[in-house]
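For the record, in the sequence shown the residue sitting at position 41 is 41 according to the UniProt record's numbering, with numbers rising by one throughout.
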Amino acid sequence: MIKELVIDQDRFTASSCSELLSTIEKLTDFDILALNMKNVQLIDSSGVATLLILRRKLEFKGKRLVILSPTPNVKRVFMIMGINKVLEIVDNLSEVSDNREKK
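Okay, structure coming up:
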C-alpha cells in the first residue's frame, strides 16, 4: 500500500526535517512512502541528508521511499548532488509500481 505524505513548507531545511521524521515514525500500514515535494522550492544539504537517512530507515523495515512531484529547483539539486541515482523520483503516483526491485 502506498502512503502519500505532502510536505507543506516551501523550504526543506534542518528545521523542518526533525518534524518530518517525527511524523513518519508515527505512520503505519504502508509499503511505500511517497513523499510529495510539490510545494518545496528550496532544499539544503540537511534536507537531502534527511531523505537519505529516511530511505535507509524505511529499507531496514522492508519499505520504500519515493520522492513525488519535486519542483524544478529541487530536481536540479538532486541532479547536481547525484541523488537522482540513489532515490526513486517520480512525477506522479501512477509511475510508482509495487515492484520491490526498484530503489
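Note that CB positions come from ideal geometry on N, CA and C, so glycine has one too.
Note that the structure is predicted; figures quoted are calculated from it, not measured.
Assigned secondary structure, residue i (DSSP; H/G/I helix, E/B strand, else coil)
i           : result
residue 68  : strand
residue 32  : strand
residue 102 : Confidence in residue 102 is poor, its pLDDT being 46 and thus under 50, which makes the residue's placement unreliable; the coordinate value appears in the next sentence. In this structure, residue 102 counts as coil in the three-state DSSP scheme.
residue 38  : coil
residue 57  : helix
Whole-Å CB distance - residue i paired with residue j, under 8 Å assumed
i           : j          : result
residue 13  : residue 47 : 6 Å
residue 34  : residue 61 : Actually they are not in contact, since the Cβ atoms of residue 34 and residue 61 sit about 16 Å apart, beyond 8 Å.
residue 69  : residue 36 : 6 Å
residue 111 : residue 10 : No information on residue 111 is available, as it lies outside the stretch 1 to 103 that the chain covers here.
Spatially closest choice to residue i from the options, by CA coordinates
i          : options           : result
residue 30 : 21, 74 and 64     : 64
residue 54 : 22, 43, 39 and 11 : 22
residue 66 : 16, 96 and 26     : 96
residue 51 : 38, 79 and 86     : 86
residue 7  : 39, 91, 82 and 27 : 39
residue 80 : 45, 94 and 56     : 45
Run of the alpha helix (DSSP H) containing residue i, from where it starts to where it stops
i          : result
residue 25 : 14 to 26
Unbroken beta strand (DSSP E) run spanning residue i, endpoints
i          : result
residue 95 : No beta strand (DSSP E) holds residue 95; DSSP gives it neither H nor E.
residue 5  : 2 to 6
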